[in-house]
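Quick notes on the structure that follows.
2 protein chains.
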Amino acid sequence: MKTVAAALGVSPATISNAYNRPDQLSAELRERVLATAAELGYPGPDAAARTLRVGRSDAIGVLLTERLSYAFSDPFAVEFLSGLSEVVEQHGVSILLMPLTLSEDEPDVRSVQRASIDALTILSLPADHPAGAVAKARGIRLVSTDLVSDPDGSWVAIDDVQAGVIVGAHLAALGHRDVAVVVDTLAPAGGDVVELQPESVTFVDYAGRLEGLRQSLPGSVHLISAGHNALASGAAAARWLMHQPEPPSAIVGLSDVLALGALSALTDLGYAVPTDVSVCGFDDIAEAGQNDLTTVRQPIRERGRAVGRLLVDPEATPRQVLLPISLVPRASTGPAPH
Amino acid sequence: MKTVAAALGVSPATISNAYNRPDQLSAELRERVLATAAELGYPGPDAAARTLRVGRSDAIGVLLTERLSYAFSDPFAVEFLSGLSEVVEQHGVSILLMPLTLSEDEPDVRSVQRASIDALTILSLPADHPAGAVAKARGIRLVSTDLVSDPDGSWVAIDDVQAGVIVGAHLAALGHRDVAVVVDTLAPAGGDVVELQPESVTFVDYAGRLEGLRQSLPGSVHLISAGHNALASGAAAARWLMHQPEPPSAIVGLSDVLALGALSALTDLGYAVPTDVSVCGFDDIAEAGQNDLTTVRQPIRERGRAVGRLLVDPEATPRQVLLPISLVPRASTGPAPH
DNA sequence: TTGTAGGCGTTATCAC
DNA sequence: GTGATAACGCCTACAA
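Protein chains in written order, with this note's numbering: chain A, 1 to 338; chain B, 1001 to 1338.
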């Protein structure tokens, strides 16, 4: 920039103005500036320097799990991000997809420390994940996808507890007393199956759904997991469950993906659904409908849009959005066998 | 940073070291630095400043069309980006999805001017789009998704001309003499149908495929478009074509999405495929197989991976990758009606 | 309409 | 093991 200024015998400020405030200088001079810039190979204001100076990067961040590709492979994520990007693109803002390189000791939040973003949202991680605190400390606006107690916080959520209650009540009404819940952990998919203790509930995503299930189901609730949110995890969990001495009469996946995995494993094993076992999920992704899975619907795409609005426009209102949910009963749930 | 340094009576450099080079200072001092930082609410090195100083942002960019949501809705893009992110995530690098806010006069490359990224790739835009030049001028490494004449350039491509020839030869062998080609323009989807002149071929994506078709098809080739790469564009184009006095005997979509749109419109109009009209696409996305569409296969996901490797690691080799293609004949093409 | 000056927050280098 | 210093490249009051 200095070089161009020198070549033209003007001050650096003028060069800056030529790019950012065309009205602050004569059209003729601006032309000359742009011309010599091109000639000298000056590509215009440096992005990093500009960001540092103005404190804005015209990008918003989406923090994903350790697997960045989750953004393109998980149906919920894809739908949510479609809605999000729909809104964001209208403002000419870019989207930074950030990985969470998981490490043993402390949760690794390096990507959010290193990211130049104006706002952040966190996808498919427990609501109280440290990344949120880090973002706030850095002055990055946070838009949560879970209810947040902070009255000033902005979020777009559904009532997960209520969602759990809806499913629990549905199954209870059908006579199920022995229900297994397949949850998402951050472990790799399809690995060893683990029985979780009720106490560890907070380490798990969708803790609210679990709580709702507990409230509304009369019988025992077993918690198991075979890794992160993927078909393979659901399938592995279902296989394990059905090999137990006393298999459950119903399997609930804390997401449709987990439930669909369980569903296909059951079919493979020769079980009749829902005659032998009922299966139920959450979210109502497109695939749920295609496979006749009973689930709880939420407006996924609209949720993405709402988050997008909050991300690009801090003034947006309302800053706290609770989206409606509803039970979608399909062919995968039926009366418990006695 | 200065504040923390002052509070501790040490120099800013020490604070910096505490974060970036733990080995450069005593563990004890480092502890104290981190503690006071937490106390004072210093969130660690600022991202923008760091990027400015270090010249690296740990993010790579993907430039999309004006619609950011394309990344999550177009099957080719989704598959490609899955592969890309698979590789990128292993390096803890983030992905910046950048929109191309289209404007009337000059192509708007603001997003690439304002982006702090280490490398860039451009998706679904003509190979010679100005954005590439801008990136290079800024010192951002460019990984093309098209063959590039520059011997130093790095790219991952298929032989689009050959792909066109494969399709053209296939149709020619089936006796087709009157073929319409549906192309992607940057106009909104499903809008007015436009007949393009052969000269305007360079403004169009996939110019190579077109050239291959021309080379191998004996009869006339009509070029038409109804907007950007979307089912609706293909459908609108097909409807328009079949209402012409002399409808073509075969419709080629320059992408599977366009071809699938045409296919469904033809079915809706009551035409039998391939008895009345043949339809053929490019890429072999999953939906092509599900709909029995004849197409040219390319390893989409692997292409994304290869681009990812090049993006993340400038030293990666080979720097120029030509991926194989092959005709996948299915039920959507047959002999031309005479 | 144009120029001046200060500072945005770091980190690499080199000296101590 | 620790500190001083000099960029990194830009923007924006404010003054002229």
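In this text, a Cβ means the ideal position worked out from N, Cα and C, and glycines have one as well.
Keep in mind that this is a model prediction, so the values were computed, not measured.
In chain order, what residues of the same chain lie with their CB nearer than 8 Å to the CB of Lys1002(B), ignoring the 5 residues before and after it? Only Pro1012 meet the Cβ criterion.
Given 8 Å as the limit, is there contact between the region 219-236 of chain A and the region 252-268 of chain A, that is, 3 or more CB pairs closer than that? In the pairwise beta carbon analysis, the region 219-236 of chain A is classified as touching the region 252-268 of chain A: at least three pairs are separated by under 8 Å.
Could you pull the start and end residues of the beta strand (DSSP E) that Gly1253(B) belongs to? First-last of the beta strand (DSSP E) with Gly1253(B): Ala1250 to Gly1253.
Would you kindly check if the distance between the Cβ of Arg330(A) and the Cβ of Gly83(A) is under 7 Å? Their beta carbons are not under 7 Å apart, which means Gly83(A) does not touch Arg330(A) by this criterion.
Glu195(A) in three-state terms, based on DSSP: In the structure shown, the three-state DSSP call for Glu195(A) is strand.
Beta carbon proximity, Ala115(A) to chain B, threshold 7 Å: For Ala115(A), the answer is yes, since a Cβ of chain B falls inside 7 Å of its Cβ.
The alpha helix (DSSP H) enclosing Met242(A), as first and last residue numbers: For Met242(A), the uninterrupted alpha helix (DSSP H) run begins and ends at Leu231 to Met242, by DSSP.
On the criterion of 16 or more Cβ atoms from any shown chain inside 10 Å, does His243(A) qualify as buried, or is it exposed? Of the residues assessed, His243(A) falls on the exposed side of the cut-off, its CB having fewer than 16 other CB atoms within 10 angstroms.
Measure how close the beta-carbons of Leu63(A) and Ile122(A) come, nearest whole angstrom, since I'm counting them as under 8 Å. 5 Å between Cβ atoms; contact.
For the region 90-102 of chain A, enumerate the residues whose C-beta is nearer than 7 Å to any C-beta of chain B, in chain order. From the region 90-102 of chain A, only Gly92, Ser94, Ile95, Leu96, Leu97, Met98, Pro99 and Thr101 have a Cβ closer than 7 Å to chain B.
Close beta carbons around Pro1126(B), own chain, < 6 Å, minus the five adjacent residues each side: Within the same chain, Asp1205 come within 6 Å of Pro1126(B) by CB-CB distance, once the 5 residues on both sides are set aside.
Candidates Pro1248(B), Pro1218(B) and Leu1254(B), of which the one nearest Gly1227(B) by Cα: For Gly1227(B), the closest alpha carbon among the candidates Pro1248(B), Pro1218(B) and Leu1254(B) is that of Leu1254(B).
Which of helix, strand or coil DSSP assigns to Arg1303(B): Reduced to three states, the DSSP call for Arg1303(B) is helix.
Measure how close the beta-carbons of Val179(A) and Gly219(A) come, nearest whole angstrom, since I'm counting them as under 8 Å. Val179(A) to Gly219(A), Cβ: 7 Å. Contact.
Between the region 143-152 of chain A and the region 187-197 of chain A, are three or more C-beta pairs nearer than 8 Å? Flag = no, the region 143-152 of chain A and the region 187-197 of chain A do not touch.
Tell me whether Leu1008(B) sits in a helix, a strand or coil according to DSSP, three-state version. If DSSP states are grouped into helix, strand and coil, Leu1008(B) belongs with the helices.
Can you tell me whether Gln1406(B) is helix, strand or coil according to DSSP? This structure cannot settle anything about residue 1406(B), because the visible part of chain B is limited to 1001 through 1338.
Candidates Glu246(A), Ala135(A) and Glu287(A), of which the one nearest Met98(A) by Cα: That would be Ala135(A), whose Cα lies nearest to the Cα of Met98(A).
Can you tell me whether Ala163(A) is buried or exposed, with buried defined as 16 or more other CB within 10 angstroms of its CB? Around the Cβ of Ala163(A), a 10 Å sphere holds 16 or more other Cβ atoms; the residue is buried.
Throw me the rounded Cβ distance for the Ala37(A) and Val4(A) pair, which I believe falls under 8 Å. For a cut-off of 8 Å, the C-beta gap from Ala37(A) to Val4(A) is around 5 Å, short enough to register as a contact.
Need the endpoints of the beta strand (DSSP E) that Ala59(A) sits in, please. For Ala59(A), the enclosing beta strand (DSSP E) has its first and last residue at Ala59 to Leu63.
Between the CA atoms of Pro1151(B) and Val1307(B) - distance to the nearest angstrom: Here the alpha carbons of Pro1151(B) and Val1307(B) stand approximately 17 Å from one another.
If you follow the alpha helix (DSSP H) that Ile1166(B) is in, where does it begin and where does it stop? Bounds of the alpha helix (DSSP H) holding Ile1166(B) are Asp1160 to Ala1173.
Should Ala1172(B) go down as buried or exposed, given a rule of 16 or more other Cβ atoms within 10 Å for buried? By the 10 Å Cβ count, Ala1172(B) comes out buried.
Just to confirm my understanding: we take Gly403(A), look at its own chain, exclude 5 residues before and 5 after, and list those with CB closer than 7 Å. What are they? What the structure shows of chain A is the stretch from 1 to 338, and residue 403(A) is not part of that stretch, so it cannot be assessed.
Anyone know if the C-beta pair for Arg1297(B) and Asp58(A) falls short of 7 Å? No, they are not a contact pair.
In chain order, which beta strand (DSSP E) runs of at least 3 residues are fully inside the region 265-290 of chain A? Within the region 265-290 of chain A, the complete beta strand (DSSP E) runs of at least 3 residues fall at 278-280.
Secondary structure, beta strand (DSSP E): runs of 3+ residues fully inside the region 1080-1159 of chain B: Listed in chain order, they are 1094-1098, 1119-1122, 1141-1144 and 1154-1158.
Could you tell me if Val112(A) is buried or exposed, where buried requires 16 or more neighbouring beta carbons within 10 angstroms of its beta carbon? Burial call: buried.
Exposure of Leu241(A), with buried meaning 16 or more beta-carbon neighbours within 10 Å: Buried, since its Cβ has 16 or more Cβ neighbours within 10 Å.
To which residues of the same chain is Tyr271(A) closer than 8 Å at the C-beta, ignoring the five residues directly before and after it? The beta carbon of Tyr271(A) lies closer than 8 Å to those of Met242 and Val277 in the same chain, with the five residues before and after it left out.
Taking all protein chains shown into account, do 16 or more other C-beta atoms lie within 10 angstroms of the C-beta of Ser1216(B), making it buried, or fewer, making it exposed? Per the 10 Å Cβ criterion, buried.
Proximal residues to Ala237(A) (C-beta, below 7 Å), its chain only, five neighbours per side dropped: Contacts found: Val182, Val193, Ile224, Ser225, Ala226 and Ala262.
To the nearest angstrom, how far is it from the Cα of Val1033(B) to the Cα of Ala1131(B)? Rounded to whole angstroms, the gap between the alpha carbons of Val1033(B) and Ala1131(B) is 44 Å.
Between Asp1313(B) and chain A, is any beta-carbon pair separated by less than 7 Å? Taking CB atoms only, Asp1313(B) has no neighbour in chain A less than 7 Å away.
Verify whether the separation of the beta carbon atoms of Gly61(A) and Ile117(A) is less than 7 Å. Yes. Within cutoff.
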